[in-house]
Amino acid sequence: MSFFHFPMHLPSLNNCWAKTDPDTLVPVLSVHDHCLIVGTVAEVLLELLPPAVRRHFPESGLILIAGHDIGKITAGFLCKAPAWRLQWLPGGHGLDATTDHAYAGACYFYHLPGLRHAARWAKAIGGHHGRYLKRGKLIEPEDAHFSKLRDELLKKLIARFGPLPADFKPSDTVLHWFTGMMILADWIGSDETYFPPARIPDDLTGTASRAVAEIGLARTAIHAGLSFADLFRRQGHPEFSPNPLQQALLEIVTGPGLYIVEGEMGSGKTEAALAACHQLWKTGEESGLYFALPTRLTSERIHHRLKDFLLNICAGGSSLGLVHGTAWLNEERVLKVLPALRDEAREIEAESFSWFASSKRALLAPYGAGTIDQALTATLGVKHSALRLFALGGKTVVFDEVHSYDDYTFDLLCQLVGRLRELGGSVFILSATLTHTRRRQLLAAAGGTEADSPDAYSLITALPTAAGIARHRPVEIHSTKTVHLETAPPDRLDLWEKIAAAAAAGACVLVIRNTVRLAQETRNQLLSARRDDTASVALLHSRFTQRDRAALEDHWIGRLGKDAADRPSGCVLVATQIAEQSLDIDADFLVTDLAPTDLLLQRIGRLHRHSRPRPRGFEQPSALILCPEIDLSRDVRELLGPSSWVYPPYVLLRSAEIWRSRPTLNLPGEIRCVLEKTYRERDEAVPAMDALKRELRDQAKKMSDTANGRSHPLDPNAIDDPEGARTRWSRQKSATLILLKKAPLEAADRTTLHFPDGEEIAFPTHEFSLPLAKALHHRSVQLPFHLVKPWVESAPPWLTRHVQGTVALGILDFTGEILPAGASLSSNATLHYHPETGLRYERTTPLTDFDEEDGWW
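Rendered as structure tokens:
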């Protein structure tokens, strides 16, 4: 249905369209009505903002958000609808005007008399589609009639939303945050579920409030008068009081600020941070939570703990989102955004799917848990990073396992901490193994310093919003644990027999290797070395399908976790680094590859994690570190093996010095000592060590420079927004491989897939299907891109529509070999898959520029 009639020679304001029917291209919604809707949605969003961030919203700023699409009132844009052009400008008058309405809108506000700091606000208007304008000079469109119509629209909007901002000059951070709010309001205001194009709802404010609430953005009240035990009460579990670390944090958190919590593994840092968040929320200055962790696995595990916490504190229903690259599988609703034009329909459909039926929608939710990648993108030059910053603004943000980040990701973290603090929110940093240097960098990012660097451990550091110098609060921990240490070369002849014997004696052994290939080889060696088949030997790493990996994780957490009901009498779990963080696995005996000291400490944190009876001979915690004999006259990378491609050789050698000389480690008292000895700056007398030090320093500088160069969200050269874009430093590109039983069957407009587990799915070839997306995800496995490059390049459109990123199809035959879905496709490796061992591959062509195990953990 068309919204306008054609009685006039020149179009009036009511004849200027903002949205068309995607099939007929007939205009169905005017610019005036769309701007009125979006401004009203922004009005509702503004009321939901906590005071800490709301004070950054410019007075009368609603008029700018409402007028975001004023640039559509140009002949160039309006003539993009054939029916409109035929009626109003059949002679082609005005077609030399710009068709880019974001640019035209930016030009209009840039030249608007009386608008202070117009260049800044014009930048936000020009960026409301997710990217800032690349054009340097903003030239006002030369169309007198349409210029009058733009003025007429602005006058109407001012009458509804108030005057233009007076003297408010936003910083880059505030401008970016403001742009994010504009994008969100525009998208919600374009949802035809709530705002059908036929007419504006009679109760526009009520409809906008309902839309915001049903999308999951409304905030809920919390119970204020809760004790620590009340916060973490779980049915069937005993209540507990705050330990010294938790009590100290609650005492030092008196208002918004940056808080750094250093405590040993399993010391209750998570509960400490959540209790402190609740304490801050009671003041009303900030609300909401984003809990960021390094990996999908760790974020999934914290999700369940947060759910119990929120059930205890929320006075009404709430929205807890799991935020990472596959969390969208739990979402059912795709925003029905009405496009402006047919050629924009596909892009808008993809963007609305990506945000409102994906991990990013959960980032907007009042409470969310997920990977750090989703948060870091708020400070990077990627599309829609402004929306991420708006989503985080005003929330309390917790970054856990901070020690695990390299220089590149850590520098990005510092950039984000600075932006979040500027927006008035609180930030908590949780770490078991933070060095003095890292702590000083975080404080500097928040605009603070420390008067001293205490060696106390555990330690809480507080930098309140108005403070410039941080306060330290040492926390005395009375409980101690002594871990007995042994080192041995990885090629020791009796190594596997020793591990097998421990399992046969009833010990639950955790073996952590630094690469997937090493883990797979270790499993085979242990199967050969064990005396009988009573003690199981299992694998856990990143190269299983999502379904198999989830089953393995649930199985082993259920058997080796805190509340394990059927803990085995003897077993060996061979894992990679995924077992070292936030995974509740309690081992009687630990065997681990050499790794940087902070990560070795994390691995030791899986040893005697809980109080329980232990098998004879394993009453005391003991760890065996696989450390080669250090001979600096040899090639270091050959000496260290595949580990040298995963971790910096210089750090590995410095770590080896520490651990080879220690018969025991007292926890937590000696954590600070071994950390600082490993990372303390020193001159190297041995040329080989000096060369490795310079290599590490050069690499760190390259990472830091790259992070600083990319951390410019207002950069007009923003890249697209894939999951985890630019948040990790990696030399190796990955791909997602979907395993099928046989090649897809295509008939007419339907395609049928057969999966190895027997499930069969038929779906419309040219439409998005959420059940199919879930099925594909469950049968997906990650692998190096170079192994399946030809397969990726031939991926069918329906596959790339359902799986984000670089994706390919593989056929799993009855022998376990994976073949390409296209008969003519080749590979430079033979691929095999088994549910017990995961993906394995053998290259058929050599690599030339990097080790094939680099980054594949």
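Just so we're aligned, residue 400 is where the sequence shown starts under the numbering used here, counting upward by one. Yeah, the Cβ is synthetic: ideal placement off N, Cα and C, and Gly gets one too.
Do F577 and G438 have their beta-carbon atoms positioned less than 8 Å apart in this structure? no
Quick check on N729: buried or exposed, where buried means 16 or more other Cβ atoms within 10 Å of its Cβ? Reliability fails at N729, whose pLDDT of 45 lies under 50, so the model's placement of it is uncertain and the value that follows must be treated cautiously. Exposed, by the Cβ-count rule.
Look up T604 in the DSSP assignment and give the residues it is bridged to. Answer is none; T604 lacks a bridge partner.
Residues near A501 by beta carbon distance below 8 Å, same chain, minus five either side: G470, I524, G525, G526, H527, H528 and L532
What's the C-alpha gap between T996 and S1054? 5 Å
Quick one: Cα of L763 to Cα of L788, how far? 10 Å
Could you please give the first and the last residue of the uninterrupted alpha helix (DSSP H) stretch that includes R1053? P1048 to R1059
What do you get for I868, buried or exposed, if any count of 16 or more other CB atoms within 10 angstroms of its CB means buried? exposed
Close-in-space but distant-in-sequence residues of the same chain around S429 (CB under 8 Å, 5 per side omitted): F402, F403, L412, N413, N414, C415, W416 and A417
Cβ contact (3+ pairs, closer than 8 Å) linking the segment 805-821 and the segment 1100-1107: yes
Considering only residues of the same chain and omitting the five flanking positions on each side of R519, which have a CB-CB separation below 7 Å? K568, P569 and L574
Tell me the rounded alpha-carbon separation between H431 and R530. 24 Å
Length-filtered (4 minimum) alpha helix (DSSP H) runs lying within the segment 501-574: 517-525 and 543-560
If distances are taken between C-alpha atoms only, which option among P1196, G475 and R1127 comes closest to M1102? R1127
Can you give the beta carbon distance from I472 to L563, rounded, assuming they're within the 8 Å contact cut? About 18 Å; that fails the 8 Å criterion.
Please decide whether H877 counts as near chain D, where near means a Cβ-Cβ distance under 8 Å. This model lacks chain D altogether; it includes just one protein chain.
By a C-beta neighbour count over all protein chains shown, 10 Å radius and 16 as the cutoff for buried, is P449 buried or exposed? buried
Taking the beta strand (DSSP E) that H871 falls in, what are its first and last residues? I868 to P873
Taking all protein chains shown into account, do 16 or more other C-beta atoms lie within 10 angstroms of the C-beta of P481, making it buried, or fewer, making it exposed? exposed
Leaving out the 5 sequence neighbours to the left and right, which residues in its chain are closer than 6 Å to W487 when beta-carbon positions are compared? P410
Determine the direct distance from the alpha carbon of A1134 to that of Y1240, and round the result to whole angstroms. 14 Å
I need the straight-line Cα distance from D1030 to I984, nearest angstrom please. 35 Å
Report yes or no: do the segment 913-932 and the segment 890-897 share at least 3 C-beta pairs separated by less than 8 Å? yes
My output table needs one value for I1029: the three-state DSSP class, helix, strand or coil. coil
Pick out the complete beta strand (DSSP E) segments inside the segment 899-931, 3 residues or longer, and give them in chain order. 907-911
Residues in its own chain within less than 6 Å of F594 by CB, not counting five upstream and five downstream? I436
Residues of its chain near T881, where Cβ-Cβ distance is below 6 Å and the 5 sequence neighbours each way are ignored: T1063 and N1065
What is the rounded straight-line gap between the Cα of G1237 and the Cα of F943? 5 Å
Reducing DSSP to helix, strand and coil, say where P1163 ends up. strand
Taking DSSP's pairing of strands, which residues face V1035 in a bridge? BP columns for V1035 are empty, so no partner.
Closest to A901 by C-alpha separation, out of A831, L841, L972 and R1002, would be which residue? L972
DSSP on H883, reduced to helix/strand/coil? strand
Can you give the Cα-Cα distance for A906 and S1010, rounded to whole angstroms? 15 Å
Start-to-end residues for the beta strand (DSSP E) that takes in G656: G656 to E661
Have a look at P1020 and A949 and give me their C-alpha separation to the nearest angstrom. 28 Å
Go through the segment 1061-1126 residue by residue and report every complete run of the alpha helix (DSSP H) that reaches 4 residues or more, in order. 1070-1078 and 1086-1109
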